[in-house]
Each structure stands twice: as C-alpha cells, then as structure tokens.
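Notes follow once the structure below has been shown.
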Amino acid sequence: MDILKSYNCNTQITELESIAIQTLSFIHDNIKQKYLNFWKHKLENFSKLKFYNTFKTEYQLEKYLSTIKNPTERKALTKFRVSNHKLMIELGRYQKIPREERLCEICQSGEVEDEYHLANSCKAYSNQRENFYTTLRNKPTIIIDQAQLVDIMKSTEHETILSLSKYISSCFTERNRYLEIGIAVS
Numbered sequence: 206m207d208i209l210k211s212y213n214c215n216t217q218i219t220e221l222e223s224i225a226i227q228t229l230s231f232i233h234d235n236i237k238q239k240y241l242n243f244w245k246h247k248l249e250n251f252s253k254l255k256f257y258n259t260f261k262t263e264y265q266l267e268k269y270l271s272t273i274k275n276p277t278e279r280k281a282l283t284k285f286r287v288s289n290h291k292l293m294i295e296l297g298r299y300q301k302i303p304r305e306e307r308l309c310e311i312c313q314s315g316e317v318e319d320e321y322h323l324a325n326s327c328k329a330y331s332n333q334r335e336n337f338y339t340t341l342r343n344k345p346t347i348i349i350d351q352a353q354l355v356d357i358m359k360s361t362e363h364e365t366i367l368s369l370s371k372y373i374s375s376c377f378t379e380r381n382r383y384l385e386i387g388i389a390v391s
C-alpha cells in the first residue's frame, strides 16, 4: 500500500480486491509519466547518449527492431545507435582520454573516431560506404553533415533500415579485422 501512496494515489485502500480499474489506470499513467520524465532526463544529461539523443526523440519501439531479421545486423545497428560499441569515442571515455583525442586508429586521419566518422569519412569503410549509398533511393550519395545521418537513422523505410544495418554491421566486422591483424589504412 505504501507503493500506491508513493505514486500519488491518495485513496485509502484496505484490500487489494477493492482497487477500482480507474485507480489502477491512474497508477499506471502516473508510473508511466514518471518513467518518461526519468528517460528524457537521462537522454538529455548523459554524455554517452549524445549521438542517440540526436535521433531518438520519442519513447517508442523503433521500427528497425521488427524490420531487421538478421540478429547480427540488428545487434550491430542497436550498438551503433546507443554507443555500445568499441569505437574510440567510447573506449576513450573509459580510459579518461579527452574527447578530442579519441582518434581513429584505423585510418589515422586525425579525426575523432565517433559514429559520424565511421558512417561518413573513415577510409577503411569506403567500399562498404559505396555499397550502402548505391542502395539508398532518393537519398544523398554522401552524408555531408550530421543532419543527413540523423535523417537516415530516423528512417522508417524498410530498405533504408536493412541497408543501414548491413552497412554498420559490415563496418564493425571490417574494423575488428583491421584491429586483429594490426593494419592501419592510409
């Protein structure tokens, strides 16, 4: 009963059987609103979610989760979206390396290895990138700025989602291969 009081349910309840559907609905809505407030606060104030915050604006099931049937590709895109990957932007955070010094070790371009770098400019993924761009219809042939990447990340178009997941998955696979054999692309 203390739990009900903590959710602003001021009704005196002595037995669980006496809880009306209206009261349960009120409690459900209250809990949901508290969680949404918590979620928005974390999204806005947690630096790890900076990239995610650029395209995730509503708390809802994302279409890509039901569109991508290949579990490896779905997992790769999910990790990319929520920054749960091994790019230097994340690894450097754990090692307390300043953000501007989390450089790409693969292409050695001097650029920060973040999601935008992987998706747009890292030379190591130029073949995968070219294949990805050719599959996009009515989209730019190159992601010029972060806004275009955000648009692609927000896409609900079946083909765009599948192409993006294949692209990100293949980039992660290629990155792992480069790191395993210790090759930098110049």
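Under my numbering, the sequence shown has 209 at position 4, and the numbering climbs by one with no breaks.
Where is the CB? At the ideal position from N, CA and C, for every residue including glycine.
Computed from a prediction, not measured in an experiment: that's the story for all the values here.
Practice task
Taking 8 angstroms as the cut-off, decide whether the C-beta atoms of A329 and E379 are in contact.
Solution key: For the purposes of this step, residue 329 is identified with residue 124 of the sequence shown, where counting begins at 1. For the purposes of this step, residue 379 is identified with residue 174 of the sequence shown, where counting begins at 1. Cβ distance < 8 angstroms, so A329 and E379 count as in contact.
Practice task
Could you tell me if R286 is buried or exposed, where buried requires 16 or more neighbouring beta carbons within 10 angstroms of its beta carbon?
Solution key: In the sequence shown, residue 286 corresponds to position 81, counting from 1. For R286, the number of other beta carbons within 10 angstroms of its own is at least 16, and it is reported as buried.
Handout entry: Contact the stretch 272–286 vs the stretch 367–374: 3+ CB pairs below 8 angstroms
Key = Verdict: yes, contact present.
Exercise for the section: Measure from the alpha carbon of L266 to the alpha carbon of each residue in K284, Q300, T361, then state which is nearest. Expected result: Walking along the sequence shown from the start, residue 266 turns up at place 61. Of the listed residues, the one whose Cα sits closest to L266 is T361.
Practice task
Could you say which of C312, S370, G315 lies nearest to N336 if we only look at CA atoms?
Solution key: Position 131 of the sequence shown, counting from 1, holds the residue named residue 336. Nearest to N336 by C-alpha distance, out of C312, S370, G315, is S370.
Handout entry: Start-to-end residues for the alpha helix (DSSP H) that takes in V287
Key = Against the sequence shown, residue 287 aligns to sequence position 82. V287 -> no alpha helix (DSSP H), and no H or E assigned at all.
Exercise for the section: Return the first residue and the last residue of the alpha helix (DSSP H) that D356 is part of. Expected result: Position 151 of the sequence shown, counted from the start, is the residue given in the question as residue 356. Note, D356: alpha helix (DSSP H), 351–359.
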